[in-house]
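Going by full-length UniProt numbering, the first sequence opens with residue 1, and the numbers climb by one from there.
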Amino acid sequence: MSLTLTSSSLALEHTLSCLHKCSKEVELKQVHAHMLKSGFFHDPYAITKFLSFCLSSSTFSSYAQDVFLNGLDRPDTFLWNLMIKGLSSSDQPESSLLLYHRMLSSSAPHNPYTFPFLLKACSNLSAFQETTQIHAHLTKLGYANDVYSVNSLINSYAVTGRFNHARLLFDRIQEPDLVSWNSVIKGYAKAGEMVTALTLFRKMPEAKKNAISWTTIISGYVQAGMNKEALQLFHEMHNSNVPPDKVSLASALSACAQLGALEQGRWIHSYADKERISIDSVLACALIDMYAKCGDMEEALRVFKDSKKTKSVQVWTALISGYAYHGLGGEAMNTFTEMQKMGVKPNAITLTAVLTACSYTGLVEQGKSVFYTMERDHNVKPTIEHYGCVVDMLGRAGLLDRAKRLVQKMPMKANAVIWGSLLKACQIHKNIELGERIGEILIRMDPNHGGRYVHTANIHAMGKKWDKAAETRRLMKDKGVVKLPGCSMISLEGTTHEFTAGDRTHAEIEKIRTKWRAVKRELEGNGYVPELEDVLLDLADDEEREAIVHQHSEKLAVAYGLMKTKPGTTIRIMKNLRVCKDCHKVMKLVSKIYKRDIVMRDRTRFHRFRDGKCTCGDYW
DNA sequence: GTAGGGTTAG
């Protein structure tokens with residue numbers, strides 16, 4: 001007797017191991033048929049394993065639904081919950097809610113486990129309406145004091161941005177547990193209410209805080225663009241009694257990437273090594289992105305090569321994006337080819353990165369070919385981001401008519417990003433008429449964005465329409481809109497120095513300005529004439545315009561770099577806006593005359609200056 | 001059974 005039991009359970013284990021090897025529906029059907037024939041489908045354990053496997057794969061989740069609804073006799077609450085849970089994190093979480101409706105008319109009663117799963121589906125759908133419905137429903141059914149259900153509700157409200165709803169529930173809990181705290185904090189963080197989020201975080205009992213609590217507040221800061229604050233908290237975490245885990249590291253690395261904080265990024269990398277935190281694909285991605293955005297492509301490539309043999313599509317994408325904003329189009333395309341050879345399927349983001357690379361490096365034909373075959377070859381329908389890349393690519397290449405036609409015939413309405421890139425193309429290629437029309441559209445779309453007015457005024461000025469330029473400036477002033485000030489950063493021995501145009505707050509500002517004047521004289525001796533095109537403004541007076549370009553923050557930063565670093569040291573500068581034509585020219589000359597490599601990150605990409613040339617090939 | 005992470009067009 002015991003022998004037959006063993007052999008049948010061995011047979012089941014063997015069948016289940018076959019199940020886990022299924023990748024096509026035909027194979028799955030075979031295993032299913034075998035299980036029916038062997039009577040395994042009367043065994044709740046076997047049914048559970050079968051459904052769980054199907055639910056864990058996106059290709060088989062509809063098969064699971066079919067088997068569940070048509071192939072089982074009165075499934076119990078446990079199986080209903082299993083299905084609702086599985087579908088809640090599938091690519092169609094709404095099917096989880098639909099299944100619940102069928103559960104209500106079935107013979108299986110709900111239990112306390114049902115609601116957290118349903119609310120998980122709501123969070124994944126970011127569905128506020130459905131959350132309120134389930135909230136009302138579970139209250140009526142008497143689960144309003146079930147801590148799991150309440151915490152799930154807080155989380156759903158947090159995810160849908162309703163921090164007041166989340167707070168109301170939180171305040172009613174007698175003794176909020178760890179998850180209650182973390183969820184309500186996330187509610188504020190998600191909505192960018194970082195002051196309240198931090199207040200709650202400080203109020204949270206120290207003994208309760210875990211790595212998730214810390215990471216929630218840190219990534220909240222990152223999402224709000226408050227990267228310095230994020231890193232401060234990360235350091236505080238490091239000194240607390242909760243050591244950072246890999247998720248905390250990934251969040252902190254994202255802050256480093258945005259700040260261009262290479263030193264701190266390196267420190268986090270070595271921390272992971274020292275603490276033997278294994279570099280999974282998410283961490284590899286974060287590291288590659290950080291090194292790439294901090295200008296160190298060599299190290300990004302090293303992390304890529306050291307990561308697991310079978311790399312996720314995200315890891316490949318991170319490397320391709322890195323090449324894109326370093327202007328290494330050939331490397332980006334080679335990586336894209338290599339990845340497909342390895343059998344990794346590109347996703348929508350990969351294709352955006354590939355198209356960006358084509359756009360930044362002028363690979364127009366290759367870009368067009370990727371774009372027009374992406375749906376056929378990769379089953380990715382072009383989204384506005386893809387159209388944006390192609391419009392940008394055509395515009396930069398001077399094919400303004402084609403870019404404009406693409407905007408007109410694309411299946412979605414152009415947004416400010418698309419118009420913005422067309423306007424930039426109009427400026428580069430001096431298409432004033434089209435540029436003026438786009439400028440007006442942009443101001444209407446983005447009336448509180450200073451840059452829109454500035455660019456529009458500039459294109460008017462380019463056509464010498466001084467009155468229109470002045471009018472645009474006045475409109476901006478009347479609305480009280482201000483332009484984001486240009487700002488450059490340079491890191492020296494671990495300290496970051498920040499400069500803004502005309503800024504006099506730096507302790508050594510007088511020395512720096514003197515240094516810049518000396519550099520300028522040196523450049524002039526080598527034939528430097530200022531490029532004033534980007535500073536057309538509405539100023540007719542060249543001297544006035546020249547005075548403005550010479551206050552640009554990157555010039556102060558490079559002068560400071562020359563003052564403070566040994567000859568031959570690479571100078572690394574980070575900028576928050578796009579570099580202007582004159583500053584670009586100056587960097588090229590400095591690299592040649594002072595024999596310095598200069599790596600400059602602007603708003604969108606990298607420029608590497610060496611011996612009078614830039615890797616962008618003056619194409620940015 | 002509930003809470004935190006990476007790649008995305010100007």
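The beta-carbon is built from N, C-alpha and C at its ideal position, and this holds for glycine as well. The structure displayed is predicted, hence computed values, not measured ones.
Residue span of the alpha helix (DSSP H) that contains residue i, given as start and end
i: PHE50; result: 44-56
i: LYS311; result: Here LYS311 belongs to no alpha helix (DSSP H), and DSSP marks it neither H nor E.
i: VAL529; result: VAL529 -> no alpha helix (DSSP H), and no H or E assigned at all.
i: PHE68; result: 61-70
i: ASN151; result: 147-159
i: PRO176; result: Segment: none, PRO176 is in no alpha helix (DSSP H) and carries neither H nor E.
i: LEU301; result: 297-306
i: GLN551; result: Neither: GLN551 is in no alpha helix (DSSP H) and is coded neither H nor E.
i: ASP478; result: 466-478
i: THR196; result: 194-203
i: CYS580; result: Run containing CYS580: none; DSSP gives neither H nor E here.
i: ASN227; result: 227-239
i: GLY116; result: A small fix is needed here, since residue 116 is Pro in this sequence, not Gly. Where PRO116 is concerned, the enclosing alpha helix (DSSP H) stretches over 114-125.
i: TYR291; result: 281-293
i: MET393; result: 384-396
i: VAL31; result: 25-37
Residue interval of the beta strand (DSSP E) (run including residue i)
i: MET489; result: 487-492
According to DSSP, residues forming a beta bridge with residue i
i: ARG601; result: MET574, PHE606
i: CYS614; result: PHE609
i: GLU498; result: MET489
Distance CB(residue i)-CB(residue j) smaller than 8 Å
i: residue 629; j: LYS464; result: Past the boundaries of the shown model lies residue 629; the chain is included only from 1 to 620, so the question cannot be answered.
i: ARG610; j: ASP597; result: yes
i: TYR360; j: TYR325; result: yes
i: ALA284; j: VAL315; result: yes
i: MET600; j: MET489; result: no
i: ALA144; j: SER183; result: no
i: VAL529; j: VAL590; result: no
i: ASN415; j: ILE443; result: no
i: ALA286; j: SER254; result: yes
i: THR15; j: HIS42; result: no
i: LYS404; j: LEU422; result: yes
i: ALA197; j: ILE217; result: yes
i: HIS386; j: THR352; result: yes
i: SER358; j: GLY327; result: The identity of residue 358 in the sequence shown is Cys, whereas the question assumes Ser. No, the Cβ-Cβ distance between CYS358 and GLY327 is not below 8 Å.
i: ARG102; j: PHE128; result: no
i: ALA121; j: SER96; result: yes
i: ALA257; j: ASP289; result: yes
i: CYS294; j: ALA261; result: yes
Buried versus exposed call for residue i [16 or more other C-beta atoms within 10 Å across all chains shown]
i: LEU138; result: buried
i: LEU3; result: Unreliable positioning characterises LEU3 in this predicted model, as indicated by a pLDDT of 43, which lies under 50. The coordinate reading is nonetheless provided below. With fewer than 16 other Cβ atoms within 10 Å, it is exposed.
i: LEU28; result: buried
i: PRO411; result: exposed
i: PRO205; result: exposed
i: SER152; result: buried
i: ARG608; result: buried
i: ASP306; result: exposed
i: LEU10; result: exposed
i: GLN65; result: buried
i: PRO567; result: exposed
i: SER126; result: exposed
i: LYS413; result: exposed
i: GLY39; result: exposed
i: HIS20; result: exposed
i: GLY367; result: buried
i: SER17; result: exposed
i: HIS235; result: exposed
i: PHE606; result: buried
i: ASP618; result: exposed
i: LEU72; result: exposed
i: ASP401; result: exposed
i: GLN408; result: exposed
i: LEU5; result: Residue placement at LEU5 cannot be trusted, given a pLDDT of 46 that sits under 50; the coordinates are not used to answer.
>> Pairs of beta-carbons, one from the region 75-85 and one from the region 99-117, closer than 8 Å: are there three or more?
In response: yes
> When the Cβ atoms of the region 183-191 are set against those of the region 151-167, are three or more pairs found closer than 8 Å?
Replying inline: Counting Cβ pairs under 8 Å, three or more are found: they touch.
> Taking one C-beta from the region 441-450 and one from the region 478-495 each time, how about it: are there three or more such pairs within less than 8 Å?
Replying inline: Yes: the two stretches touch, three or more of their Cβ pairs being nearer than 8 Å.
>> Between the region 456-475 and the region 491-502, can you find at least three pairs of beta-carbon atoms closer than 8 Å?
In response: no
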